[in-house]
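Undergrad: Residue numbers (my numbering): 343 to 659.
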């Protein structure tokens, strides 16, 4: 869906949308949705409301959703076709479901800022993650607002990065393949199937028109066309933007909790502070499109920045 396809009003074809309450969890990112039951088919009006909330808040949280795998898939498909991850383990019988379990023998390793599958030519629109089993303490996920991070850059930095592109790669997955015994021929086959894409350093969101940082520490390798030192310097500045707590929201998981995030406008960090306990989740990922940067595309509803103090001094520097 493009910005021109967005409905100007939420349809009113069912009362289930009227029961949904959007409860913000921070100033700019994260909202919990109350009054919604994902075990039941949702009306077009309810789906339109969820989509609008996702665009506004970048990540949505749902509590007490005791749903089946089929219902998980059905909900995600309302937002687009689903992808199959080529490297990570799938749930038996459900190739679109990424099954992730960490325990004493397999500690968590997703504790770095990233947006999912940016090593694809067309990275994902969004991810819907369901908690199956989790630790009593720890295992939270932190989400960072890449609109706010971009808006918070000094103008001199924006002028340096706007319009640049960066190379992305599935380096960590390749290393894991090799550790697990993949042959050079198998690795070469994956390299040919998933060639390194170049994506804009600053991405224009196709539905909101807003600009957001689109490089991440997990998959971005370098900014194309720059001296390696300058590339590393700029990437370090952009990576550090995600680390400011003012741009973040933190989600405390519980069984049957769900997070639905927009990979086009936020990054996330899975906190690995629960070893040796078990953390078991299932993720379904919605296919996206090719990222682009369009300085002429006007953003919708650009808010005033609420952050002051050091962040404002940095922005104004």
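For each residue, glycine too, the CB sits at the ideal point set by N, CA and C.
Treat the numbers as computed from the prediction; the structure is a model and nothing was measured.
#1: Since residue 402 sits in a beta bridge, which residues does DSSP pair it with?
#2: Please list the segments of the alpha helix (DSSP H) lying wholly inside the segment 576 to 639, counting only runs of 4 or more residues, in order along the chain.
#3: Have a look at residue 644 and residue 526 and give me their C-alpha separation to the nearest angstrom.
#4: Counting C-beta neighbours from all protein chains within 10 Å, is the total for residue 444 16 or more, i.e. buried, or is it exposed?
#5: Compute the Euclidean distance between the alpha carbons of residue 368 and residue 523, then round it to the nearest angstrom.
#6: How big is the Cα-Cα spacing for residue 404 and residue 599?
#7: Could you please give the first and the last residue of the uninterrupted alpha helix (DSSP H) stretch that includes residue 411?
#8: What separation, rounded to the nearest whole angstrom, lies between the Cα atoms of residue 504 and residue 546?
#9: Which stretch, first to last residue, makes up the beta strand (DSSP E) that contains residue 509?
#10: Mapping the DSSP letters down to three states, classify residue 430 as helix, strand or coil.
#11: Once the 5 residues before and after residue 471 are set aside, which same chain residues still bring their CB inside 6 Å of it?
#12: Could you name the residues that DSSP lists as bridge partners for residue 441?
#13: Within a Cβ cutoff of 6 Å, which residues of the same chain sit near residue 346, ignoring the five residues on either side of it in sequence?
#14: Identify every run of the beta strand (DSSP E) within the segment 463 to 488, keeping only runs that are complete inside it and at least 3 residues long; order them along the chain.
#15: Check whether the segment 632 to 640 touches the segment 531 to 550, counting contact only when three or more Cβ pairs, one atom from each stretch, lie closer than 8 Å.
#16: Tell me the residue span of the beta strand (DSSP E) that contains residue 363.
TA: Walking through what the data contain:
#1: Bridge partners of residue 402: 373 and 602.
#2: none
#3: 49 Å
#4: buried
#5: The alpha-carbon atoms of residue 368 and residue 523 are separated by roughly 44 Å.
#6: 6 Å
#7: 411 to 419
#8: The alpha-carbon of residue 504 is positioned some 10 Å away from that of residue 546.
#9: 507 to 510
#10: coil
#11: 601, 623 and 625
#12: 624
#13: Note that residue 346 scores 34 on pLDDT, short of 50, meaning its location in the model is unreliable; the coordinates nonetheless yield the value given after this. Excluding residues up to 5 positions away in sequence, nothing lies with its Cβ nearer than 6 Å to the Cβ of residue 346 in the same chain.
#14: 468 to 475 and 483 to 487
#15: yes
#16: 363 to 366
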